[in-house]
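Chain order of the listed sequences is A and B. Heads up, the first sequence is in my numbering, so the first residue is 1 and it goes up one at a time. Heads up, the second sequence is in my numbering, so the first residue is 1 and it goes up one at a time. Cβ coordinates follow ideal geometry from the N, Cα and C atoms, glycine included. This structure is a prediction, so every number in the text was calculated from the model and none was measured.
Number of protein chains: 2
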Amino acid sequence: MARRAETIELAVLGLLHEGPMHGYELRKRLNLMLGWGRVLSYGSLYPALKKMLRGALIEESLSTRTPGTPVSKRPRITYQVTEAGTREFERLMSEVGPTAWEDDNFDIRFAFFSSTDMEIRLRVLEGRRTRLQERLDRIQRELAMTQQEVDRYAGELQRHGVDRVEREVMWLSDLINAERNSASTAASPSISPTPTPEQA
Amino acid sequence: MARRAETIELAVLGLLHEGPMHGYELRKRLNLMLGWGRVLSYGSLYPALKKMLRGALIEESLSTRTPGTPVSKRPRITYQVTEAGTREFERLMSEVGPTAWEDDNFDIRFAFFSSTDMEIRLRVLEGRRTRLQERLDRIQRELAMTQQEVDRYAGELQRHGVDRVEREVMWLSDLINAERNSASTAASPSISPTPTPEQA
DNA sequence: GTTAGCATGTAAGGAGTTACATGATTTT
DNA sequence: AAAATCATGTAACTCCTTACATGCTAAC
Chain A
1 MARRAETIEL AVLGLLHEGP MHGYELRKRL NLMLGWGRVL SYGSLYPALK KMLRGALIEE
61 SLSTRTPGTP VSKRPRITYQ VTEAGTREFE RLMSEVGPTA WEDDNFDIRF AFFSSTDMEI
121 RLRVLEGRRT RLQERLDRIQ RELAMTQQEV DRYAGELQRH GVDRVEREVM WLSDLINAER
181 NSASTAASPS ISPTPTPEQA
Chain B
1 MARRAETIEL AVLGLLHEGP MHGYELRKRL NLMLGWGRVL SYGSLYPALK KMLRGALIEE
61 SLSTRTPGTP VSKRPRITYQ VTEAGTREFE RLMSEVGPTA WEDDNFDIRF AFFSSTDMEI
121 RLRVLEGRRT RLQERLDRIQ RELAMTQQEV DRYAGELQRH GVDRVEREVM WLSDLINAER
181 NSASTAASPS ISPTPTPEQA
């Protein structure tokens, strides 16, 4: 399955919110954004874009970069979100449930967290944390069941894996606390002059 | 692509080295071993086993668990490695090159490190480390190129990702040092009574 | 007795990578 | 002038997951 079409779609919609972009650029941004390892290929991106065009989530427009030379150069195709696309993006972002906290899905959603309100953010963060916690519990349980002594390297890999997940849980906890704090400080008129959710 | 058939093959061969096993058990062990997230499905495992049977890397034999009731119960199919399978396993394990240090491949190889000699181990560990370092460099470079200020959450995700990779690099460095130390202590007649590479 | 877990498969379909094909533009 | 990178695609192929199908065995 790997990335589940919907994920690319969400990412594209999110990126196009920053402004119109063409395919090549989208690919670069996407790879930088979720490119921990695998890179997104053209054979994956362009068909996805076509599909989104058919679904009217995005529109294309031809742009000639330099106004000096009018015809000869192949125009680049620039994509922009339609209104339907914006609505779809909002719908996907406010989705709370298993699909929101699966590995790849979570990352994308997180990257665009600024576009949702805190309530959703908290729910997704907590859902993700619970998910990981369950993973840890399951592994600990299964490990306890295994009588046989583990191989040195297999054991090391195991430990490292658990470590990584535990670390991610801590990261999430910090983020959850930060959200909660920002909520309480926003309620009381304290330091920050503009308590809008959009501020960097 | 996800897991690249060869990876499952290597994992199966490695596990069967511990002794004969049937499919269900293999799946469980596999999921515990590389189950950080995705689980291996039957639809993936059984076809792979069939393919390995055709390639004569493994053999199947029917086993009735309890000797009391002879016929009626469906016998479980137990797989074991053939000689050709052992050779293939050794060939795959001593492969040094890009395929050895890709994410999934690396994990499997590492889990069975006890079956190779230190020279290979070191080369794979170092290859992996270099790979990750390159990843970090590429990202840092691309990040530096990006003029525009990054979104708060996108930035946080970025940082967390870099952190994770850096941590893995440290982990690898520790392992590399450990290998080197064990090499030098094995050379001088110091503490450990049995300086064989196989000890736990 | 019935639920949960053991055990073995197959078929359909989705998803995306690789490789191919093509050409413009910029940098060296 | 060559090399690199920008830029847009398509087709074949591989791989895997999901869902289906079936039946045994142990525990509650």
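For residue i: DSSP bridge partner residues
i: Y79 (chain A); result: A:M21, A:E60
Reference residue i; option with closest CA among the options
i: R121 (chain B); options: B:Q133, B:D107, B:L132, B:E134; result: B:D107
i: R76 (chain B); options: B:E179, B:A48, B:H22, B:R123; result: B:H22
i: L143 (chain B); options: B:R159, B:Q133, B:T99; result: B:R159
i: G97 (chain A); options: A:F89, A:V81, A:G127; result: A:G127
i: H17 (chain B); options: B:G43, B:K50, B:L45, B:I58; result: B:I58
i: S173 (chain A); options: A:A154, A:T185, A:L132; result: A:L132
i: G7 (chain A); options: A:E88, A:Q80, A:S182, A:T185; result: The residue asked about is misnamed: residue 7 (chain A) is Thr in this sequence, not Gly. Selected option, being the one with the closest Cα: A:E88.
i: Y24 (chain B); options: B:R38, B:M33, B:L45; result: B:L45
i: V81 (chain B); options: B:L26, B:N31, B:A111, B:E95; result: B:L26
i: L30 (chain A); options: A:I139, A:E60, A:L15; result: A:L15
i: K50 (chain B); options: B:Y79, B:S63, B:L32; result: B:Y79
i: L32 (chain B); options: A:R167, A:V150, A:L175; result: A:V150
i: G155 (chain A); options: B:P20, B:F112, B:G37, B:A11; result: B:F112
i: W36 (chain B); options: A:E168, A:T99, A:G85; result: A:E168
i: Y153 (chain B); options: A:W101, A:S114, A:Y153; result: A:S114
i: L56 (chain A); options: A:G85, A:Y42, A:R38; result: The question names Leu, but residue 56 (chain A) is Ala in the sequence shown. The option with the nearest alpha carbon to A56 (chain A) is A:G85.
Reduced DSSP category for residue i - H, G, I as helix; E, B as strand; rest coil
i: E6 (chain B); result: helix
i: E95 (chain B); result: coil
i: S41 (chain A); result: coil
i: W171 (chain B); result: helix
i: G55 (chain A); result: coil
i: P67 (chain B); result: Because P67 (chain B) carries a pLDDT of 45, less than 50, the predicted location of this residue cannot be relied on, and no value is offered for it.
Alpha-carbon to alpha-carbon, residue j and residue i
i: L136 (chain B); j: V165 (chain B); result: 7 Å
i: E157 (chain A); j: R123 (chain B); result: Just to set this straight, residue 157 (chain A) is Leu in the shown sequence, not Glu. C-alpha separation (whole angstroms): 17 Å.
i: A5 (chain B); j: A48 (chain B); result: 7 Å
i: L40 (chain B); j: M145 (chain B); result: 39 Å
i: R54 (chain A); j: R109 (chain A); result: 24 Å
i: R180 (chain B); j: D103 (chain B); result: 23 Å
i: V162 (chain A); j: M170 (chain A); result: 12 Å
i: L62 (chain B); j: E119 (chain A); result: 56 Å
i: L34 (chain A); j: K28 (chain B); result: 29 Å
i: D117 (chain B); j: R91 (chain B); result: 13 Å
i: S184 (chain A); j: A178 (chain A); result: 10 Å
i: R141 (chain A); j: G19 (chain A); result: 48 Å
i: S182 (chain B); j: M93 (chain B); result: 21 Å
i: W101 (chain A); j: I176 (chain A); result: 14 Å
i: V12 (chain A); j: E83 (chain B); result: 50 Å
i: E60 (chain A); j: L10 (chain A); result: 17 Å
i: R129 (chain A); j: E95 (chain A); result: 16 Å
i: R138 (chain B); j: R38 (chain A); result: 14 Å
i: E134 (chain A); j: N105 (chain A); result: 18 Å
i: G43 (chain A); j: M52 (chain B); result: 31 Å
i: T99 (chain A); j: L125 (chain A); result: 13 Å
Practice task
May I have a chain-ordered list of the alpha helix (DSSP H) segments no shorter than 4 residues that lie completely inside the stretch 84 to 164 of chain B?
Solution key: Entirely contained in the stretch 84 to 164 of chain B, the alpha helix (DSSP H) runs reaching 4 residues are, in chain order, 103 to 111, 118 to 145.
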